[in-house]
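Position 101 (the sequence shown) corresponds to 544 in this note's numbering; numbering is contiguous. Using N, Cα and C, we set each Cβ at its ideal position, and we do this for glycine too. Model, not experiment: these values are computed from the prediction. Some notes on the structure that comes next.
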Amino acid sequence: MQEKKTVWITGASSGLGLATAKAFAGVGWTVIGGARSFTNETAEDGIHHLPLDVTIPESCAAFVDEALAISPRVDALVCAAAVLVLGACENTAPEEYRRVMETNFVGTTRLVQAALPQMRKQQSGRIVLFSSINGLLGIPFQSAYTASKHAMEGYAECLAMETRRFGVQVCLVEPGDHRGGSDHTRLHASGEDDASAYRAAYECTCAAIHRDESGGLLPEKLGQKVVRNTMRRHMRFRLRVAKFDQHLAVWLHRFLPNWVNSLILRKYYGTDTPNH
Ligand SMILES: NC(=O)c1ccc[n+]([C@@H]2O[C@H](COP(=O)([O-])OP(=O)(O)OC[C@H]3O[C@@H](n4cnc5c(N)ncnc54)[C@H](OP(=O)(O)O)[C@@H]3O)[C@@H](O)[C@H]2O)c1
């Protein structure tokens, strides 16, 4: 009988991480999900919940120990944990940049380093890293998040080349706007107050982001696509899941001069709106 496969998923308490966890459980995998809000328990849907803060090395080590006690295998690692700090570059504090990079990027590298020895031993493994359309182009007032996702894009290319000979495959998931994201991971820079020179433009952009996310795609569909890709013999390196206009934005970003893209995005987000 074929052994049951095991996946570790960070950021499994809400949004796309949760949807992906449910999709893996739906095809019979042992799912071990981590999040800060989890206590050590098994949920009704059979998903193992473990407390995990990817910014704390001791928490990552405890997660790995407990995961290996539940199942000695790690066939796939999905890194979805992330936070967003919205704010103008001028108003985003160094500690806010650090928080986003520590969670979205450095936290991911910690889990990858923890999973790789086991995957090398198995001579197989799948690593799925959540990037974003923001990993491919900048969006105003999302500089910290955009920087962290650009870092993920470069990192994934390096990781894929280095680990291929050990039977490990890597995938970058590049979602466009999806519903269901948690409010408590969408933070505002402390400097983005009423005195901000960017206030009106910032509010226009936040309204556009909110509108796009609440009218976004369904997380369940993305979860299923991630599972299907992970189970392919040759995983696709890039899995872009977005509406047509966001696919188009990526394409335009690649082929049009920067001033044209900048004009389109500034108009779309209302970035040139002056304070009254
Ligand atoms: N939703 C979208 O439209 C969209 C678009 C593009 C890309 N993405 C990417 O998709 C992924 C999921 O995003 P989402 O918006 O669907 O989810 P979300 O609801 O914002 O959830 C983020 C998850 O990360 C966890 N998390 C945050 N900080 C953590 C930490 N320090 N350690 C461990 N876990 C932590 C949260 O759980 P706790 O708070 O319990 O720790 C939560 O489970 C992210 O990587 C995001 O960048 C989302």
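Check: Within 8 angstroms: the Cβ of Lys686 and any heavy atom of ligand 1?
Finding: no
Next item on the list: Look at the alpha carbon of Glu538 and the alpha carbon of Thr648, and state the distance between them as a whole number of angstroms.
Entry: 23 angstroms
Check: His593 lies in the alpha helix (DSSP H); which residues open and close that run?
Finding: Ser586 to Thr606
Margin query: Any heavy atom of ligand 1 closer than 8 angstroms to the beta-carbon of Pro662?
Written below: At least one heavy atom of ligand 1 is nearer than 8 angstroms to the Cβ of Pro662, so yes.
Notebook entry, point to check: From what residue to what residue does the alpha helix (DSSP H) around Ala651 run?
Noted result: Taken as a continuous stretch (DSSP letters only), the alpha helix (DSSP H) holding Ala651 covers Arg642 to Ser657.
Item checked: Under 9 angstroms between C-beta atoms of Gly454 and Gly477 -> Yes. Within cutoff.
Next item on the list: Please go through the same chain and pick out, in chain order, the residues whose beta-carbon is closer than 6 angstroms to the beta-carbon of Ala519, but skip the five residues on each side of it.
Entry: Val450, Arg569 and Thr673
Margin query: I'd like the span of the alpha helix (DSSP H) that includes Gly460, first residue to last.
Written below: Secondary structure note for Gly460: its alpha helix (DSSP H) is the uninterrupted segment Gly458 to Gly469.
Margin query: Quick check: the Cα distance between Cys601 and Ser502, rounded to an integer number of angstroms?
Written below: 26 angstroms
Note to self: Taking the alpha helix (DSSP H) that Phe506 belongs to, which residues open and close that run?
What the structure shows: Following the DSSP letters along the chain, one finds Phe506 inside the alpha helix (DSSP H) bounded by residues Pro500 to Ile513.
Margin query: Closest to Met562 by C-alpha separation, out of Gly581, Leu511, Tyr588 and Leu529, would be which residue?
Written below: Sorting Gly581, Leu511, Tyr588 and Leu529 by C-alpha distance to the C-alpha of Met562 places Leu511 at the top.
Notebook entry, point to check: Going by other Cβ atoms of all chains shown within 10 Å of its Cβ, with 16 needed for buried, is Phe680 buried or exposed?
Noted result: exposed
Next item on the list: Indicate, with yes or no, if ligand 1 has a heavy atom lying under 8 angstroms from the CB of Ile576.
Entry: yes
Item checked: Distance, Lys447 Cα to Ala587 Cα -> 39 angstroms
Next item on the list: Assign Phe481 to one of three DSSP states: helix, strand, or coil.
Entry: coil
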